[in-house]
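Written below as structure tokens is the structure these notes are about.
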Amino acid sequence: MEELAEVRAVTNDGFEGCAHARSGQKRQVLLVDRETLEAMDLQPGIIRENITTDSLNVNSLQIGQLLRVGEAQLEVSAVCTPCDQMETIRPGLRKELWGRRGMLCRVREAE
């Protein structure tokens with residue numbers, strides 16, 4: 753993952769150039785909060801999130817909730833469940849992240 757100051761959102765697809773963009777799917781953008789990462793001693797981007805938030809409890813967002821991020825409108829579409837890839841970061845991380853991996857969103861509008 754590469755930290756970027758700005759990205760272009762594409763309606764119903766994700767972020768331009770992102771390997772995780774999925775046209776028409778629930779998994780287009782992954783949000784994770786910095787507080788969760790810090791509590792687990794993880795650096796932003798290491799669990800492959802697209803957006804790391806500050807002072808927003810991402811895991812408390814509701815499915816269907818709309819968020820404005822820059823010029824894009826995101827719709828919270830699903831809870832992100834930790835995958836086996838988390839084990840390559842740190843053994844046991846998949847279990848540690850259960851219920852805390854963040855929320856998946858789709859790009860509802862991009863300007």
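According to our numbering, the sequence shown is numbered sequentially starting from 753.
Yeah, the Cβ is synthetic: ideal placement off N, Cα and C, and Gly gets one too.
Report the rounded CA-to-CA distance for residue i versus residue j, giving the unit in angstroms.
i: Glu823; j: Leu782; result: 17 Å
i: Asp793; j: Gln825; result: 30 Å
i: Arg842; j: Pro796; result: 15 Å
i: Ser775; j: Cys835; result: 21 Å
i: Val762; j: Lys847; result: 32 Å
i: His772; j: Cys832; result: 13 Å
i: Gln814; j: Glu787; result: 18 Å
i: Arg820; j: Ala791; result: 26 Å
Leaving aside the five residues before and after residue i along the sequence, list all residues of the same chain whose C-beta is less than 7 Å from its C-beta, in chain order.
i: Glu827; result: Gly816, Leu818, Cys857, Arg858, Arg860
i: Val810; result: Leu783, Val784, Asp785, Gly854, Met855
i: Met838; result: Ile799, Leu845, Arg846, Leu849
Leaving out five residues on either side along the sequence, give the residues of the same chain with a beta carbon under 8 Å from the beta carbon of residue i.
i: Gln777; result: Arg858
i: Glu863; result: Glu823, Ala824
Assuming residue i and residue j form a contact by the criterion Cβ under 8 Å, report the distance between their Cβ atoms to the nearest whole angstrom.
i: Glu768; j: Arg760; result: 4 Å
Tell me whether residue i is buried or exposed, calling it buried when 16 or more other Cβ atoms sit within 10 Å of its Cβ.
i: Leu789; result: buried
i: Ser812; result: exposed
i: Ser807; result: exposed
Tell me, please, whether the stretch 803-819 touches the stretch 848-855 by the rule of three or more beta-carbon pairs shorter than 8 Å.
Enough Cβ pairs lie closer than 8 Å, so yes.
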